[in-house]
Structures are given as structure tokens and as C-alpha cells.
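**Q**
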Amino acid sequence: MEFRQALCKTLTELMEKDPRICVLDADLAKPNGTFPLYEKFQDRCFNAGISEANMASVAAGLSAYGMIPFIVTFTPFASRRICDQIAVSIAYAKQKVIIIGTDPGITAELNGGTHMSFEDVSVLRAIPTMLIYDATDANQLAQALPQLIEYDGPVYVRIPRKTRPDVYKEDYEFKLGKADVVKKGKDVTIIATGTMVYESLVAAEELEKEGISAEVISVNTIKPLDEETILASVKKTNKAITCENHNVIGGLYSAVAEMLCRKYPMHLESIGVQDEFGQVGKYSDLLKAYNMTPEDIKKLVKNII
Amino acid sequence: MNNLEQIAKEIRILNVKCIESIGAGHIGGSLSIVDVLTALYYKEMNIDPKNPKKEGRDRLVVSKGHAGPGVYATLCHKGYFEEKELYTLNKYGTNLPSHCDMNKTPGVDMTTGSLGQGLSCAIGLAVGSKIKKDNATIYAIIGDGESQEGQIWEGAFFASHKKLDNLIVFLDYNRMQLDGYLEEINDSGNMVDKFKSFGFDTYSIDGHNIDLICETIEKAKTVKGAPHMIVLNTTKGKGVEFAEKAGPNCHSMPISKEALEEAIKGLK
Ligand SMILES: Cc1ncc(C[n+]2csc(CCOP(=O)(O)OP(=O)(O)O)c2C)c(N)n1
Ligand SMILES: [Mg+2]
Chain F
1 MEFRQALCKT
11 LTELMEKDPR
21 ICVLDADLAK
31 PNGTFPLYEK
41 FQDRCFNAGI
51 SEANMASVAA
61 GLSAYGMIPF
71 IVTFTPFASR
81 RICDQIAVSI
91 AYAKQKVIII
101 GTDPGITAEL
111 NGGTHMSFED
121 VSVLRAIPTM
131 LIYDATDANQ
141 LAQALPQLIE
151 YDGPVYVRIP
161 RKTRPDVYKE
171 DYEFKLGKAD
181 VVKKGKDVTI
191 IATGTMVYES
201 LVAAEELEKE
211 GISAEVISVN
221 TIKPLDEETI
231 LASVKKTNKA
241 ITCENHNVIG
251 GLYSAVAEML
261 CRKYPMHLES
271 IGVQDEFGQV
281 GKYSDLLKAY
291 NMTPEDIKKL
301 VKNII
Chain W
1001 MNNLEQIAKE
1011 IRILNVKCIE
1021 SIGAGHIGGS
1031 LSIVDVLTAL
1041 YYKEMNIDPK
1051 NPKKEGRDRL
1061 VVSKGHAGPG
1071 VYATLCHKGY
1081 FEEKELYTLN
1091 KYGTNLPSHC
1101 DMNKTPGVDM
1111 TTGSLGQGLS
1121 CAIGLAVGSK
1131 IKKDNATIYA
1141 IIGDGESQEG
1151 QIWEGAFFAS
1161 HKKLDNLIVF
1171 LDYNRMQLDG
1181 YLEEINDSGN
1191 MVDKFKSFGF
1201 DTYSIDGHNI
1211 DLICETIEKA
1221 KTVKGAPHMI
1231 VLNTTKGKGV
1241 EFAEKAGPNC
1251 HSMPISKEAL
1261 EEAIKGLK
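These protein sequence lines are chains F and W, in that order. Throughout the first sequence, residue numbering follows our numbering, covering 1 to 305 in sequence. Throughout the second sequence, residue numbering follows our numbering, covering 1001 to 1268 in sequence.
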């Protein structure tokens, strides 16, 4: 299933049950899959047009009036474009708004550099109280949304719009704040997030054939970070890398390094965008361009063990 | 058909061919500004395709940066680069990305794509030209959907306060944005009145009449002490029947080989 279909389907169910839920878009309701909601919930869907900053603070006002607003736009416009509105109207004012950012990092593909956010996690992670969730697959997203509503604080969700390979089986149970060990191993820990969980699994399975046993952790929430699961793994392997579809500055690499520095100092390597800007290209081209393919992951793992 | 109209047709054909080469793209908002681009590059702007960074040249900021393919077709026709480059649109490693990039494409004067920012950039260029006293004219094209961004109005205040009479802004008033018609999404009302009330020297004309666009630019240049707003009443997807018919859905569309042939036939 496409992520945006899962988003629309789950929001439909949630809005039917909870009259406080509102959805706001900024002229991207069609590409982001929320457009069908406007038919069904006419009084609770608002297209602000191309005014993201306005949309964010309107959502804060709705929240202050007891509603639970979701705001939906491309990741660059859901983060850096409205950083101050998120910091002040939403987070500092303690308003519960759920921000859905679509097509993070290289999944922006042909929209190119201006639309390719490699810094959305960095800028929002530094805002107190924000929860940052990088979705792994559409099934997980569907389970996460109701739990994100329950979370006490503002939320930022990163999702591709279209289909990515499934990582989790039917019987998977998502628990907010908990990382998942998606493959067990003993030689090295690959700590991954979002679409990079799949690429890490591909790498880990190939490594297994070459006699290297890699444990793969899907982090889910970059903030708060599930320290326990990560520490349990690295204490066993003593070797680790992170994998993210984001700049390594301020993203998952930083979050894990900050934590390990305090609790279990060790060498940590990174797969991710090494402080570069985005560009146009297909997902596969960009994965190669930023050295983020399963092949690159394997190479890095072999380098550190 | 006069010479400029002939050129606009050829640019439209290149525009559709360019998008067809990658299979889909922002056709609607590109075609809606081809006539103003023709007026600017073939009549009004002091530029040199052999020396794209010429000192003191006139400059254009396409604030609605998703109209890249329309801009690239025009620059290619004008001789800034070879036609084969046009067919690298949006391919990995291209110099023609989906949104305008001043560091990649010869002839592009400002990087845009995040809507609302380009007008302010044009204001900066206009202030720069005043400081240097080089008599350049700075042009900007903004979208009507784009005008929902607060930054457009922050810029409008400032340009007017600074009496930037070397700044000519075009509003591509095609009355459509991405999700639908402006009037369904967030109607901005009478844009001419709005800019007038912000202190602009305003005009509202047929955005597909190239001679009229040129005349209006000349007239605007004689008005001193205020920035100029020329509202171009346009049709999104102009000149390509299936795009015009698609209405707001022509914002970004797949273009097949057959569709390209149909478009060329219609334009000839
Ligand atoms: C800040 C920002 N928000 C959203 C977008 C996505 N987007 C690209 S084009 C577009 C619609 C533009 O409408 P309009 O300005 O009327 O342009 P036109 O009709 O000429 O294509 C949108 C929402 C963007 N590029 N930048
Ligand atoms: Mg428009």
C-alpha cells in the first residue's frame, strides 16, 4: 500500500470516531492523498492554500480550542519553512499538533534540491517536547497514528508518499517509543530509520551469507530514542553504524552518538547524507549518489569489523 | 501571425518535448507564461545568451520555480544552450532540474522552487541595481496560488516603500493552483486592487497577447517612484488542448509520445 493511502484510510477511521480531529493542507492535498477526506468531513478539513506558516499557527489555534489538528505538506515545508511557527505557536505554547511531512530526503526524487529535506529532523529535534517519528512502512504508519494522537506533545512524522517495500509482517505490533530489532545478530549493530531500514535489512541478509551476523534495529522514533534497545545491542556487538535518509548532522547519527557518548562511549560510523544538498534523480540514483545502497552499507560494516 | 507569436509557438513545442523526454512534469504553469517569456527574452530584456552573466543586464526571477520547463524551452530557443540538453530535464546529473537553479542553468538569474521567496529575491536584485546605478530592469513572475504566501506581501510592502520603479512584477493569473481553482481553495479576491493598495503601479492585461505585454512594459517603465505589477490574465496549459481541457489537473501531467504529437499538431 502507498503511505498516503494508509494515511487517508487511517485518518478516515480516526475522524469517524473522534470529532476533535481536523486535517489541514497547504495546496498539496491531492499529491498527499488527503483529498478524499474533504468530501467526507467537510467541516473538519481545511485547505489553507500555499500558506504553510499560516496553516501551522491556525492549527495551534485549533488545538487551543480543543481540536486535534493534523497538518500535511512536503517535509521541507513542514519543517524548515515553518520552524518558528512550530517552535512558538505549537511547541512552546504546548499545543498538540501532528505534523505530517511527506517525501523526506531522497524520496522527493524528481522534485529536486529545493524540495529535498535532509535537515528536517535536525531542526525539529532541537525543539523541546517534539516527538520525531520516521515511518518504516505503511502498515506501521497505520498503527502509529492513533498512538501519536495519545502522545502528550507535538509530533513530526516523516513518510514517503508512495509505496516502499514492506518491512513488517501482518502480526507486527507497533509500540510508540520502542525500537524494533528487525533482525537478530551478534557481530555488528545496524541502527536504521525510515526507508533505510529496508536497505539495511537487504545488506544484513547478504552479510549473513558472507558469515557476518548483523543485528538490525529499526529506531522508529528518533526522539525520544529507545536507548535501552540500542544499548542492549551494542553492548553485545561493540560495533555499530547508523543508516538514515537525512543529513548525518543532527539526524539519527547525531542522536545515537549523543546518547552513546554519555552512556557507552564507542566508535560509531554513519550511512546517510554527508552534509550535502539534494538534487533531482530517481530513488535508486540518489541512493547511489549519497552512498546509501545496501552495497555501501555492507562495505562500511566490513570496514569496521 | 507575427514573428513573436511564431517564436512563442516554437517555444511551446520545445516546452512539451522537454517534458515528454522524462514522461511527466509541470506543463500547465510552464505554458501559461510562454508569452511573457517570449516578450522578455525576444524584445524587452537587455541580455546576451553568449554572455549570460553580463554586467548590468536585465534579470528575471521566476518565483513560481516549477515553471522550469517553460523557462528552459525559452532559454534554449534563445541560444543559451543546445537543444539536446533540453531532453536531460530531471534526469540524474542534469543542469535542468524541475525547479529553476541559478547555479546549474545558464541564463537563470535566481534559484526558486520554494514558493513565495522569489519576489523578495527580485527586490534584492532591484535594490542592488539602484546601489550600482546600472539602470537594469528586474523582472519577476509570481503565481496566483503562490500569492497566498505571506512573504509575497512582505515583499510588496517593502518594494513599494523603497519606491523600486526598476522592478516589474508579473502575476500569472491563471486562477488555478495545485489542488484546484483558487476560488475553491483560498480565493485572493481582486489581485489588481490588492497590489494597487500596496502602492504598486498596476495593469491588468491579456497575458497571451505578446505585443500588448511589450507595450505595457514600456508604459510601466515611464512611471517613476513605484514598483510595477502587470497582472497577466492567462490560461493554465495555454496552447495545448488536452492540457487546457484538464483544468487544474494540468498542473503536472504525464506526457506520452502520442500526446506530444497531438500537441505539436495543435500548435502548428
Ligand atoms: C512553499 C511551497 N509550498 C508548496 C509547494 C508545492 N507547489 C508547487 S507548485 C504549487 C501550486 C502553484 O500554484 P500557482 O502559484 O498558481 O502556479 P501555477 O498555477 O502558475 O502553476 C504548489 C502548491 C512549493 N513548491 N513551495
Ligand atoms: Mg496559478
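Each residue gets a CB set at the ideal place from its N, CA and C atoms; glycine is no exception. Computed from a prediction, not measured in an experiment: that's the story for all the values here.
Run down chain F in chain order and give the residues with a C-beta less than 9 Å from the C-beta of ASN1186 of chain W.
**A** The residue you call residue 1186 of chain W lines up with position 186 of the second sequence. Those are ASP27, ASN47, ALA48, GLY49, ILE50, SER51, listed as they occur along chain F.
**Q** Along the stretch 1064 to 1095 of chain W, where does the CB come closer than 8 Å to a CB of chain F? Name the residues.
**A** Result list: GLY1065, ASN1090, LYS1091, TYR1092, GLY1093, THR1094.
**Q** If you draw a straight line from the C-alpha of TYR38 of chain F to the C-alpha of VAL23 of chain F, how long is it?
**A** For the purposes of this step, residue 38 of chain F is identified with residue 38 of the first sequence, where counting begins at 1. For the purposes of this step, residue 23 of chain F is identified with residue 23 of the first sequence, where counting begins at 1. Whole-angstrom Cα-Cα distance: 9 Å.
**Q** Could you check how far apart the C-beta atoms of ALA214 of chain F and ASP187 of chain F are, in whole angstroms? I think they sit under 8 Å.
**A** Within the first sequence, the letter at position 214 stands for residue 214 of chain F. Within the first sequence, the letter at position 187 stands for residue 187 of chain F. That pair is a contact at about 6 Å.
**Q** Under 9 Å between C-beta atoms, does ALA289 of chain F make it to chain W?
**A** Counted from its first residue, the first sequence places residue 289 of chain F at position 289. Yes, because at least one Cβ of chain W sits closer than 9 Å to the Cβ of ALA289 of chain F.
**Q** So which residues on chain W does GLN274 of chain F lean against when the C-beta distance must stay under 7 Å?
**A** Locating residue 274 of chain F in the first sequence gives position 274, counting from the first residue. Those do not exist, as GLN274 of chain F stays about 18 Å from chain W at its closest Cβ, beyond 7 Å.
**Q** Leaving out the 5 sequence neighbours to the left and right, which residues in its chain are closer than 6 Å to ALA1259 of chain W when beta-carbon positions are compared?
**A** Here the question's residue 1259 of chain W lines up with position 259 in the second sequence. Excluding residues within five positions, none has a Cβ falling inside 6 Å.
**Q** Rounded to whole angstroms, what is the Cα-Cα separation between GLY1056 of chain W and ILE86 of chain F?
**A** Numbered from 1 along the second sequence, position 56 holds the residue referred to as residue 1056 of chain W. Numbered from 1 along the first sequence, position 86 holds the residue referred to as residue 86 of chain F. Rounded to the nearest angstrom, the two C-alpha atoms are 41 Å apart.
**Q** Output the boundary residues of the beta strand (DSSP E) element that contains GLU215 of chain F.
**A** Indexing the first sequence from 1 puts residue 215 of chain F at position 215. 214 to 218 is the span of the beta strand (DSSP E), which, as asked, contains GLU215 of chain F.
**Q** With a threshold of 16 other CB atoms inside 10 Å of the CB of MET1001 of chain W, please say whether the residue is buried or exposed.
**A** Sequence index remark: in the second sequence, residue 1001 of chain W carries index 1 (1-based). So MET1001 of chain W ends up on the exposed side.
**Q** At 9 Å on the CB atoms, spell out the chain W contacts of ASP285 of chain F, in chain order.
**A** Within the first sequence, numbered from 1, the residue matching residue 285 of chain F stands at position 285. Going along chain W in sequence order, the residues near ASP285 of chain F (Cβ under 9 Å) are LYS1091, TYR1092, GLY1093.
**Q** Is it true that the CB of ARG1175 of chain W sits closer than 9 Å to the CB of ASP1206 of chain W?
**A** Here residue 1206 of chain W is taken as the residue at index 206 of the second sequence, counted from 1. Here residue 1175 of chain W is taken as the residue at index 175 of the second sequence, counted from 1. Against a cut-off of 9 Å, the Cβ pair of ARG1175 of chain W and ASP1206 of chain W comes out as no contact.
**Q** So, is the C-beta of THR163 of chain F closer than 9 Å to a C-beta in chain W?
**A** Mapped onto the first sequence, residue 163 of chain F falls at position 163. Output row for THR163 of chain F: interface = no.
**Q** Which residue or residues does DSSP assign as beta-bridge partners of PHE366 of chain F?
**A** Not covered by the structure: residue 366 of chain F. The range shown for chain F is 1 to 305.
**Q** Could you tell me the boundaries of the beta strand (DSSP E) in which THR1202 of chain W lies?
**A** Within the second sequence, the letter at position 202 stands for residue 1202 of chain W. Unbroken beta strand (DSSP E) run through THR1202 of chain W: 1201 to 1206.
**Q** Please state whether DSSP places LEU268 of chain F in a helix, a strand or coil.
**A** The count along the first sequence starts at 1 and reaches residue 268 of chain F at position 268. Of the three classes helix, strand and coil, the one that applies to LEU268 of chain F here is strand, per DSSP.
**Q** Taking the alpha-carbon of GLY1079 of chain W as reference, which of W:LYS1050, W:THR1038, W:ASN1249, W:ALA1039 has the nearest alpha-carbon?
**A** What you label residue 1079 of chain W is simply residue 79 of the second sequence in a count that begins at 1. With distances taken between Cα atoms, GLY1079 of chain W lies closest to W:LYS1050.
**Q** Considering only residues of the stretch 88 to 148 of chain F, which uninterrupted alpha helix (DSSP H) runs meet the minimum length of 4 residues and lie entirely inside it, listed in chain order?
**A** Segments of the alpha helix (DSSP H) lying fully in the stretch 88 to 148 of chain F: 120 to 125.
**Q** Could you tell me the alpha carbon to alpha carbon distance between LEU1040 of chain W and ILE1210 of chain W, rounded to whole angstroms?
**A** The residue you call residue 1040 of chain W lines up with position 40 of the second sequence. The residue you call residue 1210 of chain W lines up with position 210 of the second sequence. Cα-Cα distance, rounded: 9 Å.
**Q** Give me the chain F residues within the contact set of SER1032 of chain W, using Cβ-Cβ distance strictly less than 8 Å, ordered along the chain.
**A** As a first step, residue 1032 of chain W must be located in the second sequence, where it is residue number 32. Neighbours of SER1032 of chain W on chain F: none; closest Cβ ~16 Å, over 8 Å.
**Q** Quick check: does the Cβ of MET1253 of chain W come within less than 8 Å of any heavy atom belonging to ligand 2?
**A** The residue given as residue 1253 of chain W occupies position 253 in the second sequence. No.
**Q** List the whole-angstrom C-beta distance separating GLY112 of chain F from VAL280 of chain F, where the pair is believed to meet the contact cut-off of C-beta under 8 Å.
**A** Residue numbering aside, residue 112 of chain F sits at position 112 when the first sequence is read from its first letter. Residue numbering aside, residue 280 of chain F sits at position 280 when the first sequence is read from its first letter. Confirmed, about 4 Å.
**Q** Pull up the CB-CB distance for GLY278 of chain F and MET116 of chain F, whole angstroms please, since I reckon it's below 8 Å.
**A** Position 278 of the first sequence, counting from 1, holds the residue named residue 278 of chain F. Position 116 of the first sequence, counting from 1, holds the residue named residue 116 of chain F. With 8 Å as the limit, GLY278 of chain F and MET116 of chain F qualify as a contact, their Cβ atoms being about 2 Å apart.
**Q** Using 8 Å for Cβ pairs, my map puts LEU176 of chain F next to LEU148 of chain F. What's the rounded Cβ distance?
**A** Walking along the first sequence from the start, residue 176 of chain F turns up at place 176. Walking along the first sequence from the start, residue 148 of chain F turns up at place 148. The pair is a contact, with the Cβ atoms about 7 Å apart (cut-off 8 Å).
**Q** Relative to the C-alpha of GLY312 of chain F, which candidate in F:ALA135, F:ASP84, F:PRO224, F:ASN220 has its C-alpha closest?
**A** Any property of residue 312 of chain F remains undetermined from this structure, which presents chain F solely from 1 to 305.
**Q** Please name the residues in the stretch 1145 to 1170 of chain W whose beta-carbon is closer than 9 Å to at least one beta-carbon of chain F, in chain order.
**A** Cβ contacts with chain F: GLY1145, GLU1146, SER1147, GLN1148, GLU1149, GLY1150, GLN1151.
**Q** Considering only their Cβ atoms, is the gap separating ARG20 of chain F from MET306 of chain F smaller than 9 Å?
**A** Because chain F here runs from 1 to 305, residue 306 of chain F falls outside it and cannot be looked at.
**Q** So, for ALA1263 of chain W: in the same chain, excluding its five sequence neighbours on each side, which residues have a beta-carbon less than 6 Å away from its beta-carbon?
**A** Here residue 1263 of chain W refers to the residue found at position 263 when the second sequence is read from its first residue. Within the same chain, ALA1263 of chain W has close Cβ partners VAL1016, VAL1240.
**Q** Count the other C-beta atoms from every protein chain shown that fall within 10 angstroms of the C-beta of HIS1099 of chain W, then say buried if there are 16 or more, exposed otherwise.
**A** For the purposes of this step, residue 1099 of chain W is taken as residue 99 along the second sequence, with counting starting at 1. The residue in question, HIS1099 of chain W, is buried, as its Cβ has 16 or more Cβ neighbours within 10 Å.
**Q** Going by C-alpha to C-alpha distance, which of W:MET1229, W:HIS1208, W:VAL1192 sits closest to LYS1238 of chain W?
**A** As a first step, residue 1238 of chain W is located in the second sequence; it is residue number 238 there, counting from the start. Of the listed residues, the one whose Cα sits closest to LYS1238 of chain W is W:HIS1208.
**Q** Can you give the Cα-Cα distance for ALA142 of chain F and SER284 of chain F, rounded to whole angstroms?
**A** Position 142 of the first sequence, counting from 1, holds the residue named residue 142 of chain F. Position 284 of the first sequence, counting from 1, holds the residue named residue 284 of chain F. Their Cα atoms are separated by approximately 26 Å.
**Q** Go ahead and pull the three-state DSSP assignment for ASN247 of chain F.
**A** Here residue 247 of chain F refers to the residue found at position 247 of the first sequence. Note: ASN247 of chain F maps to strand in three-state DSSP.
**Q** From GLU1268 of chain W to THR242 of chain F, what does the alpha carbon distance come to, in whole angstroms?
**A** In the second sequence, residue 1268 of chain W corresponds to position 268, counting from 1. In the first sequence, residue 242 of chain F corresponds to position 242, counting from 1. As written in the sequence, residue 1268 of chain W is Lys, which differs from the Glu given in the question. Rounded to whole angstroms, LYS1268 of chain W to THR242 of chain F spans 56 Å at the Cα level.
**Q** Measuring only the C-alpha atoms, how far is ASP166 of chain F from GLY1266 of chain W?
**A** For the purposes of this step, residue 166 of chain F is taken as residue 166 along the first sequence, with counting starting at 1. For the purposes of this step, residue 1266 of chain W is taken as residue 266 along the second sequence, with counting starting at 1. Taking the straight line joining both Cα atoms gives about 45 Å.
**Q** Relative to the alpha-carbon of THR1216 of chain W, which residue among W:ILE1131, W:LYS1043, W:PRO1106 has its alpha-carbon at the smallest distance?
**A** One-based indexing of the second sequence puts residue 1216 of chain W at position 216. Nearest option by C-alpha distance: W:LYS1043.
**Q** Can ARG4 of chain F be considered in contact with ligand 4, in the sense that its beta carbon sits closer than 8 Å to one or more heavy atoms?
**A** Annotation note on ligand 4: not contained in the displayed structure, which lists ligand 1 and ligand 2 as its ligands.
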